[in-house]
Ligand code: MV4
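Numbering (my numbering), first residue to last: 255 to 709.
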């Protein structure tokens, strides 16, 4: 087992990993930028090393500085956290080459799943359902039109170099295909320096369902149920929940086992998440994330599995301590992402926190790295806390999340707490009746109504 782990990350996820290390009797080293010198993870870790100034490219993305910090502190392993270098195969390779264990998948699997086309070919061969579309990059508008007619309109033209919703163009009919195709390719060329596009059947109102996976180095792999991440705005998740109110136990078992079989056949090591679009009872593979996710606490609450602990044990060569039949989904969990942003305009609101009170009580968890007197830096993403609640049923969890949000005090910066308090009261949300477009449509309607009332 590792004696000392270096955590190459910041904020609430760095603290989450420090906590797991402490509970496992493993010393922790946190690297930080000058902007994070007063971060809670720095205070709670056994050691900390300043690796550069605020800009990520000079600190959290500075591979030589991170490897040097691991060397001088005598770390055995490096945990990349989420974001930054977590899915950077070059970093994973260099960590191993420098004699440290990378707490994550092999560089090959990071690379394989990081390339969308290779990822789709890999999972297609392993029997996962994919969105009907072109086998690869479109070589001409004629080829695109022929495939679009095959799969049926509307179709989505996607930039290979795109991602996170960027570089997607819907073509609704044969007449508009040529113009959509040329706009998609020229916009992709301009935005990403690469005009290559591929084509898929457009799913108009899907849900976003992701499966939590965990594999070890002894050929074992399990799934730990799903999370419904459909409540999102501009490709930023807002509220996630598990299990999904839209899945039957049979559908959960079907897609979970299929995904687990896939990673088992791959010989995948560590935690991973397969993302799917779910529409009309059908699943469609989107992509696989080869890292821990922000919303992992939802799965921890409904399965009782400490995913960071298991990540570390697997990286140290331990076999999984459970088989698939041991994994039970108990109850229901929500996660509200609390950002330092105005709850209506979403304008970032960094600055000093003058009062902070975290909610408590049965089934309430607050993963955050803020404290009274802490100044939220403007440099990084605006996530300041994750409120996770768990209860026996979805209805009880709704009551609990409302109560916990009301208890939460974060003063003198704006936060999205009022937004969460609005969303959880909307009947359609409470009924679990939503898809990936629901929140943006709801906010647009609210905006239109308040404008009408003001005029
Ligand atoms: C789609 C889709 C509908 N049909 N593909 C958005 C980012 C990237 N992960 C893939 N995305 C989508 N691909 C087809 N064929 C709708 C989306 C999409 C989306 C997907 C997941 C979560 C939120 C989303 C928000 C807008 C669009």
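For glycine and all other residues, C-beta sits at the position ideal for the given N, C-alpha and C.
> Can you find a heavy atom of ligand 1 that lies under 7 Å from the Cβ of residue 672?
Replying inline: False, no ligand heavy atom lies under 7 Å from that Cβ.
> Cβ atoms of residue 457 and residue 431: under 8 Å apart, would you say?
Replying inline: Between residue 431 and residue 457, the gap from beta carbon to beta carbon reaches 8 Å or more.
>> Along the chain, where does the alpha helix (DSSP H) containing residue 325 start, and where does it finish?
In response: Unbroken alpha helix (DSSP H) run through residue 325: 317–327.
> Is the beta carbon of residue 446 sitting closer than 8 Å to the one on residue 426?
Replying inline: Going by C-beta atoms, residue 446 is not nearer than 8 Å to residue 426.
> Can you name the start and end residues of the beta strand (DSSP E) that residue 493 belongs to?
Replying inline: Residues 490–496.
> Taking only runs of the alpha helix (DSSP H) that begin and end inside the region 491–540, which ones reach a length of at least 4 residues, in chain order?
Replying inline: Listed in chain order, they are 503–520.
> Between residue 435 and ligand 1, is the CB less than 7 Å from at least one heavy atom?
Replying inline: It does not: the Cβ of residue 435 is nowhere closer than 7 Å to a heavy atom of ligand 1.
>> Per DSSP, what are the beta-bridge partners of residue 249 in this structure?
In response: Outside the shown range of the chain, which is 255 to 709, sits residue 249, and nothing can be said about it.
> Do residue 457 and ligand 1 come close, with the Cβ less than 7 Å from some heavy atom?
Replying inline: Yes.
> Who are residue 621's beta bridge partners in DSSP?
Replying inline: The secondary-structure analysis by DSSP pairs residue 621 across a beta bridge with 640.
>> On the DSSP bridge list, what partners appear for residue 283?
In response: DSSP lists 260 and 301 as partners of residue 283.
>> Does residue 436 come out as helix, strand or coil in the three-state DSSP assignment?
In response: Three-state DSSP puts residue 436 in a helix.
> Exposed or buried, residue 378, counting other C-beta atoms within 10 Å across all chains shown (16 or more means buried)?
Replying inline: Only exposed fits residue 378, as fewer than 16 other CB atoms lie within 10 angstroms of its CB.
> Quick one: what does DSSP say residue 635 is sitting in, helix, strand or coil?
Replying inline: DSSP places residue 635 in coil when its eight states are reduced to three.
> What are the uninterrupted segments assigned as alpha helix (DSSP H) that are 4 or more residues long and contained completely in the region 550–624, given in chain order?
Replying inline: Runs found: 550–557 and 561–569.
> For ligand 1, any of its heavy atoms closer than 7 Å to the Cβ of residue 301?
Replying inline: No, Cβ of residue 301 sits at least 7 Å from all heavy atoms of ligand 1.
> Below 8 Å between beta carbons: does that hold for residue 566 and residue 274?
Replying inline: Contact: yes.
> Under 8 Å between the Cβ atoms of residue 568 and residue 546?
Replying inline: In this structure, residue 568 sits away from residue 546, with a CB-CB distance that is not shorter than 8 Å.
> Does DSSP put residue 742 in a helix, a strand or coil?
Replying inline: What is shown of the chain runs 255 to 709, which leaves residue 742 out entirely.
> Out of curiosity, what's the CA-to-CA distance linking residue 442 and residue 612?
Replying inline: Approximately 44 Å, taken between the alpha carbons.
> In whole angstroms, what separates the C-alpha of residue 383 from that of residue 645?
Replying inline: Cα atoms of residue 383 and residue 645: separation of roughly 32 Å, rounded to the nearest angstrom.
>> Is it buried or exposed, residue 401, if we count other Cβ atoms within 10 angstroms and call 16 or more buried?
In response: Answer is buried; the Cβ neighbour count reaches 16.
>> Nearer than 7 Å: is that true of the beta carbon of residue 401 relative to any heavy atom of ligand 1?
In response: Proximity of the beta carbon of residue 401 to ligand 1 is not indicated: no heavy atom of the ligand is located closer than 7 Å.
>> With a threshold of 8 Å, are at least 3 pairs of Cβ atoms found where one atom belongs to the region 659–669 and the other to the region 578–597?
In response: Yes, the region 659–669 touches the region 578–597.
>> Considering Cα atoms alone, identify which of 652, 540 and 643 is closest to residue 375.
In response: It is 540.
> Counting pairs of Cβ atoms below 8 Å between the region 293–309 and the region 621–635, do you hit three or more?
Replying inline: Between the region 293–309 and the region 621–635 there are three or more C-beta pairs closer than 8 Å, enough to call the two in contact.
>> Checking the sheet assignment: what are the DSSP bridge partners for residue 543?
In response: DSSP output for residue 543 lists 527 as bridge partner(s).
>> Using only the alpha-carbon positions, how far apart do residue 618 and residue 674 sit?
In response: When rounded, the separation of the alpha-carbon atoms in residue 618 and residue 674 is 16 Å.
>> For ligand 1, is there any heavy atom lying closer than 7 Å to the beta carbon of residue 536?
In response: No, the Cβ of residue 536 stays beyond 7 Å of every heavy atom of ligand 1.
>> On the CB-based measure, 16 or more other CB atoms within 10 Å of its CB, does residue 713 come out buried or exposed?
In response: The question about residue 713 has no answer, for the chain in this structure spans 255 to 709.
> Between 330, 361, 345 and 371, which lies nearest to residue 354 when the distance is taken from Cα to Cα?
Replying inline: Nearest option by C-alpha distance: 330.
> For residue 356, does the three-state DSSP call read helix, strand or coil?
Replying inline: Strand.
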